[in-house]
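What follows is one structure encoded as structure tokens, with my remarks underneath.
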Amino acid sequence: MLFRFRYLLLCFFVASAAMVFAQQSYVDEAAEMIESSLNSTEILIRVCTVLLILFTVFFIGFFITLMIARSTHRYDEQYEKNIKEKFELLLTGVIFNDDAEMQTDEWKASRKRVVKHFKKRYLHKRINKKYLREHIILLHKNFIGSAADVLRNLYIELKLDRQAIKELNSPDWGIQANAVKELAQLNITKATEKIKNRTQHENQILRLEAQVASIRLDKKDPFSFLDKNRNYLTEWHQVNLAHIIDQINRDLLPDFSRWFVSPNPTVVEFCIKMTLQYDQFASIPALSQLLYHKNQHVVGEAAKALGEFGVTEAQSDMLYVYRDAITPVKLQLLKAIGKCGNNEILPFLIQQLLQNDINIAMEAANSLKKLGEEGIAILEKQTLSNLYGVGDICKHVLDERI
Amino acid sequence: MARILIIEDEDLVRKALEFRLKKDGHQVTPCMDGRQGILTLETQTFDLIITDLMLPYNNGLEVVNRSKEIHKETPVIVLSNIGLEHVVMDAFNLGADDYMTKPFSPNELSVRVKRLIK
Amino acid sequence: MTVHHFIEYLNAAIFFYAITVSLSYVVLAVLSARALHIYLRKNKFIDHNVTLTSPYAPSVSLIAPAYNEERTIVENIRSLLSIHYNAFEVIIVNDGSKDATMQTMIDAYNLEKVDFFVNAQIKCKTIKGVYKSTNKAYKKLVIVDKENGGKADALNAGINISQYDLITCIDVDCIIEQDAILKMVKPFMEEREHVIATGGVIRIANSCDIEDGRLLTARVPDSIIPRFQVIEYLRAFLLGRMAWSKLNGLLLISGALGFFDKKIVIACGGYNHNTVGEDMELVVRMRCYMSDHKRKYKVVYIPDPLCWTEAPGDTKILGRQRNRWMRGTMETLWMHKKLFFNPKYGLLGMLSYPFWMFFEWLAPIIEFLGLLYFIFLVIMGYSNWYFFLILFATVYFFAITISILSLVFEEYSYRQYNKHRDILKLVATLMLEPLIYHPRTVWWGLKGNFDKFKGKQAWGDMTRAGFQKKVIKS
Numbered sequence: 001m002l003f004r005f006r007y008l009l010l011c012f013f014v015a016s017a018a019m020v021f022a023q024q025s026y027v028d029e030a031a032e033m034i035e036s037s038l039n040s041t042e043i044l045i046r047v048c049t050v051l052l053i054l055f056t057v058f059f060i061g062f063f064i065t066l067m068i069a070r071s072t073h074r075y076d077e078q079y080e081k082n083i084k085e086k087f088e089l090l091l092t093g094v095i096f097n098d099d100a101e102m103q104t105d106e107w108k109a110s111r112k113r114v115v116k117h118f119k120k121r122y123l124h125k126r127i128n129k130k131y132l133r134e135h136i137i138l139l140h141k142n143f144i145g146s147a148a149d150v151l152r153n154l155y156i157e158l159k160l161d162r163q164a165i166k167e168l169n170s171p172d173w174g175i176q177a178n179a180v181k182e183l184a185q186l187n188i189t190k191a192t193e194k195i196k197n198r199t200q201h202e203n204q205i206l207r208l209e210a211q212v213a214s215i216r217l218d219k220k221d222p223f224s225f226l227d228k229n230r231n232y233l234t235e236w237h238q239v240n241l242a243h244i245i246d247q248i249n250r251d252l253l254p255d256f257s258r259w260f261v262s263p264n265p266t267v268v269e270f271c272i273k274m275t276l277q278y279d280q281f282a283s284i285p286a287l288s289q290l291l292y293h294k295n296q297h298v299v300g301e302a303a304k305a306l307g308e309f310g311v312t313e314a315q316s317d318m319l320y321v322y323r324d325a326i327t328p329v330k331l332q333l334l335k336a337i338g339k340c341g342n343n344e345i346l347p348f349l350i351q352q353l354l355q356n357d358i359n360i361a362m363e364a365a366n367s368l369k370k371l372g373e374e375g376i377a378i379l380e381k382q383t384l385s386n387l388y389g390v391g392d393i394c395k396h397v398l399d400e401r402i
Numbered sequence: 403m404a405r406i407l408i409i410e411d412e413d414l415v416r417k418a419l420e421f422r423l424k425k426d427g428h429q430v431t432p433c434m435d436g437r438q439g440i441l442t443l444e445t446q447t448f449d450l451i452i453t454d455l456m457l458p459y460n461n462g463l464e465v466v467n468r469s470k471e472i473h474k475e476t477p478v479i480v481l482s483n484i485g486l487e488h489v490v491m492d493a494f495n496l497g498a499d500d501y502m503t504k505p506f507s508p509n510e511l512s513v514r515v516k517r518l519i520k
Numbered sequence: 521m522t523v524h525h526f527i528e529y530l531n532a533a534i535f536f537y538a539i540t541v542s543l544s545y546v547v548l549a550v551l552s553a554r555a556l557h558i559y560l561r562k563n564k565f566i567d568h569n570v571t572l573t574s575p576y577a578p579s580v581s582l583i584a585p586a587y588n589e590e591r592t593i594v595e596n597i598r599s600l601l602s603i604h605y606n607a608f609e610v611i612i613v614n615d616g617s618k619d620a621t622m623q624t625m626i627d628a629y630n631l632e633k634v635d636f637f638v639n640a641q642i643k644c645k646t647i648k649g650v651y652k653s654t655n656k657a658y659k660k661l662v663i664v665d666k667e668n669g670g671k672a673d674a675l676n677a678g679i680n681i682s683q684y685d686l687i688t689c690i691d692v693d694c695i696i697e698q699d700a701i702l703k704m705v706k707p708f709m710e711e712r713e714h715v716i717a718t719g720g721v722i723r724i725a726n727s728c729d730i731e732d733g734r735l736l737t738a739r740v741p742d743s744i745i746p747r748f749q750v751i752e753y754l755r756a757f758l759l760g761r762m763a764w765s766k767l768n769g770l771l772l773i774s775g776a777l778g779f780f781d782k783k784i785v786i787a788c789g790g791y792n793h794n795t796v797g798e799d800m801e802l803v804v805r806m807r808c809y810m811s812d813h814k815r816k817y818k819v820v821y822i823p824d825p826l827c828w829t830e831a832p833g834d835t836k837i838l839g840r841q842r843n844r845w846m847r848g849t850m851e852t853l854w855m856h857k858k859l860f861f862n863p864k865y866g867l868l869g870m871l872s873y874p875f876w877m878f879f880e881w882l883a884p885i886i887e888f889l890g891l892l893y894f895i896f897l898v899i900m901g902y903s904n905w906y907f908f909l910i911l912f913a914t915v916y917f918f919a920i921t922i923s924i925l926s927l928v929f930e931e932y933s934y935r936q937y938n939k940h941r942d943i944l945k946l947v948a949t950l951m952l953e954p955l956i957y958h959p960r961t962v963w964w965g966l967k968g969n970f971d972k973f974k975g976k977q978a979w980g981d982m983t984r985a986g987f988q989k990k991v992i993k994s
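Chains Z, C and B supply the protein sequences, listed in that same order. Residues 1 to 402 (this note's numbering) are what the first sequence spells out, left to right. Residues 403 to 520 (this note's numbering) are what the second sequence spells out, left to right. Residues 521 to 994 (this note's numbering) are what the third sequence spells out, left to right.
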């Protein structure tokens, strides 16, 4: 393609040069042509004039927008900063005197004053309410213990929760999601049912917020949304759920093996991770079964969990599924074997170390090292190996500094 | 009453720490980033250091490392939003004396500070 | 063919070309506005702290090639190590520097050579040694010393050394925002199967307040050349790439900061040594690879300003850079010529590729020819100056309207330059741009074409003033 263009260009240059040289003979014809195209030029001029006016108007319009936007932004920012500084002063005074011995009558009186002050001075303005809500959430996110409790009580006392609950009915997913987030953060359980209705919402963000809220707020069956979850649980989604699960009371955690039979493989993956995270040893037999799951990601995840749990009995199952596994899962299986295997597995690992795939050899070497003395002895012996890479891999693995 | 160095880049947390520790009667020196923190602990002596891990310029691990190089006996509390085992282990291996994860209870922190200063 | 016909056709062709360019800008602007709006709305709900603290966050290898950087390397490494992420390693590849870069690093970070096994999955020059720090506080740092082979080669060496599945390739002298990795990893966490690369916005750091590899305050550059580039970058990133990413037709992820799925990079052979546009070439090749294997894929772009770079401050260096960019574009287009209007590659072949070809490669040529044509008409006695002026004014106002629109986008989204005066400065700059700056870029583009056809290969020294000059005391 490029080639042809190159020649075309060349031809074009030659042609135009020739024409300039030959202009004498063509000059009349050209003049005639220009004359005749004048009409079309007239039309073009008109079109251009219209466009010119249009663009000029647009340009000036954008410029004015820009200046106005900048002024309002600056005003808003200044206002937000000022008001939040005031809020912070008022709030820190109350929340950080959170020792029991500090909660004297004087403190209680000052707290009452703060509430009154807020109501009288600030909360009649809508925007102030918004900023106060934001600020309380921010503080609540950063502190736990009695400081957080004081914040929550203040939030309820100022009746800010009512507005959030009202916002759950908004047609806009953004406003809904924000309200859900706020209620979850502050542990306001009044609207839990309503929130749970949104755990399968088509909007991904609202769905996630509602699920997070369900975990935080619902004390009866916080994980029921997993039962009917048809949607793909993305890694991002899983990380967020795991983050919130980490914050709730361990006694409320369900037996995650309940969802090992879920038709949604991402749900199974997630539940394997949670089983491991919260040491649910009772699920180990079910986990071993998952090595034969039809989804390879699930197999990898199950192997990882079994390895971390140190389930030596699972090594024969792992060997069995190893042969047909895809490479990333093979690596996960090898890693798991390194953690849960015993000396019976050494010949297999040596065999994997000596085959062609470097990534697999590397993982096998790592596992040999993890298996302790005998594995390390094998590695040390293999550092002298003539096979491509094997010696260097063993040296690499044995180097404690890497 | 003790001299405490706080190295924390988040305004809110730093102010809260300052407020709380001053209330407890300590003398507090706040720093916003790792480099300022290291400079301060090189030039002054403190009875306790509280540091975040994710800091601008020099990260928290470097702060712990440097602090332990200069004053081995000055206790260091790491206050971080990362609670992962290997991160906590890294901090302890470098000599940190205590580790707290965010969100934290100012109350609990105050108790730990008292314990370490003794 | 008579002159009459010829001129008629040429008129029509030029007219058609101009209309297509303008319309495509309008379409891109509309798409971009929508995409930006959606992105910002969703972004409000994203708490990157969750990724930061999660044990399930994917691990990332950061790869930065260094060549003759002894003055700044220690600071640059330090700022890379303080990036906000949990599971990552920093790989600095010393690409056979002629100065004391290697020794400086060894001294500053107590490095020690280790028995590193290099898994040479892609080709690169000989690796002389891999170093790790004896200080546990620098556990995440890996230094690679290799023979000189150019940027692409150094990146390939880094890829061979890296131990994680996701890689970030960066320029070591760029200033990376601390949450850059957190933001760039998110698309991978949302669609691990499909996302093959993520790119971020590059901004211009000239005249900004910078301290030890960290940006404190963004400022509009003092001198005019970088200021023109600010406008250019804003337009390209906020207007162009946002829209292309929305269409999933993005062809270029800047070499200054790119995030890739290592599996795919290795499968298609890593960076190409034979082009000066290795960043664009890699993305195009990865796209081809995915299409060839009939796999669904996505190249994502994040409009947040993640990386600040020092732009060339004078026309000579800028000219060399643009010359190189043009050659890079041409080489990439040539290497993947099979894409040209090839329906097999879908949008990539039918839209992205032709767009780049006509509006990136050929634009300077066509503009130059237009100028020649105009001169020709003047010689021929054509003197409808009124028409010419109106046409010129229309084009001019169209150009500045598009530019100011990108400023409006910036105002609506990130507002990096936050003084009132900054806006006035930028508006003045963008009004001058089509008159002063644009003709030069056309010229450099032409020269790039010329050099390419003559067979020039070299990179051309990119002399940087270095950030050291701007160090301010706290």
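Yeah, the Cβ is synthetic: ideal placement off N, Cα and C, and Gly gets one too.
- Straight-line measurement puts the Cα of V819 (chain B) at about 5 Å from the Cα of A717 (chain B).
- Buried is the label assigned to R416 (chain C), since at least 16 other Cβ atoms lie within 10 Å of its Cβ.
- According to the DSSP assignment, A763 (chain B) belongs to the alpha helix (DSSP H) that extends over M762 to L767.
- At a beta-carbon threshold of 7 Å, the residues of chain Z lying near L925 (chain B) are F62, ordered along the chain.
- Excluding the 5 residues flanking it on each side, E590 (chain B) has same chain C-beta neighbours closer than 7 Å at D619, A620, T621 and T624, in chain order.
- Counting other Cβ atoms within 10 Å of its Cβ, P832 (chain B) reaches 16 or more and is therefore classed as buried.
- The beta-bridge partner set that DSSP reports for N614 (chain B) consists of B:A586 and B:D665.
- Around the beta carbon of K660 (chain B), a 10 Å sphere encloses 16 or more other beta carbons of the protein chains shown; the residue is thus reported as buried.
- Boundaries of the beta strand (DSSP E) around V715 (chain B): V715 to I724.
- Taking N639 (chain B) as the centre and dropping the five residues before and after it, the same chain places the C-beta of N680 closer than 7 Å to its C-beta, in chain order.
- By the criterion of a C-beta distance shorter than 8 Å, M870 (chain B) is surrounded in its chain by F861, N862 and P863, once the five residues flanking it on both sides are discounted.
- At a cut-off of 8 Å between beta carbons, A577 (chain B) contacts chain Z.
- For S367 (chain Z), the enclosing alpha helix (DSSP H) begins and ends at I358 to K370.
- With its beta carbon at least 8 Å from every one in chain Z, K516 (chain C) lies outside the interface.
- One thing to note: L758 (chain B) has its Cβ no nearer than 8 Å to the Cβ of W828 (chain B).
- Residues of chain C whose Cβ lies closer than 9 Å to the Cβ of L802 (chain B) do not exist, since the nearest Cβ in that chain is about 31 Å away.
- When the five nearest sequence neighbours on each side are left out, the beta carbons in the same chain lying within less than 7 Å of the beta carbon of L560 (chain B) are those of S933, in order along the chain.
- In the three-state scheme derived from DSSP, where H, G and I count as helix and E and B as strand, K425 (chain C) is classed as helix.
- For E209 (chain Z), the CB contacts under 6 Å within the same chain, skipping 5 residues up- and downstream, are A177, V180 and K181 in chain order.
- A distance below 8 Å between beta-carbons, with the five flanking residues on each side excluded, links W764 (chain B) to the following residues of its chain, in chain order: L548, L770, L771, Y821 and S872.
- When DSSP states are grouped into helix, strand and coil, T737 (chain B) belongs to the strand group.
- Remark: C-beta atoms of I583 (chain B) and L675 (chain B) approach each other more closely than 8 Å.
- One alpha carbon belongs to R207 (chain Z), the other to T192 (chain Z), and they sit about 14 Å apart.
- With fewer than 16 other Cβ atoms inside 10 Å of its own Cβ, G372 (chain Z) counts as exposed.
- Within chain B, no residue has its CB atom less than 8 Å from the CB of M318 (chain Z), the nearest being about 22 Å off.
- By the 16-neighbour rule on beta-carbons within 10 angstroms, D492 (chain C) is buried.
- Within the segment 720 to 744 of chain B, those residues whose Cβ lies closer than 9 Å to any Cβ of chain C are, in chain order, E731, D732, G733 and R734.
- In this chain, the beta strand (DSSP E) harbouring M502 (chain C) covers D500 to T503.
- Around the beta carbon of N342 (chain Z), fewer than 16 other beta carbons lie within 10 angstroms, which makes this residue exposed.
- For K656 (chain B), the neighbours in chain C by C-beta distance under 9 Å run, in chain order, L463, N467, D492, N495 and L496.
- Using a C-beta cut-off of 8 Å, the segment 905 to 923 of chain B makes no contact with the segment 717 to 726 of chain B, since fewer than three inter-stretch Cβ pairs fall below that distance.
- At a beta-carbon threshold of 8 Å, the residues of chain C lying near T92 (chain Z) are K417, A418 and F421, ordered along the chain.
- Across the segment 582 to 615 of chain B, CB contacts with chain C closer than 8 Å involve R598, S599, L601, S602, H604 and N606, in sequence order along the chain.
- For F748 (chain B), the CB contacts under 7 Å within the same chain, skipping 5 residues up- and downstream, are T949, E953 and Y957 in chain order.
- K816 (chain B) sits in coil when the DSSP states are folded into three classes, being neither helix nor strand.
- Rounded to whole angstroms, the Cβ separation of L368 (chain Z) and L349 (chain Z) is 5 Å, and the two are in contact under 8 Å.
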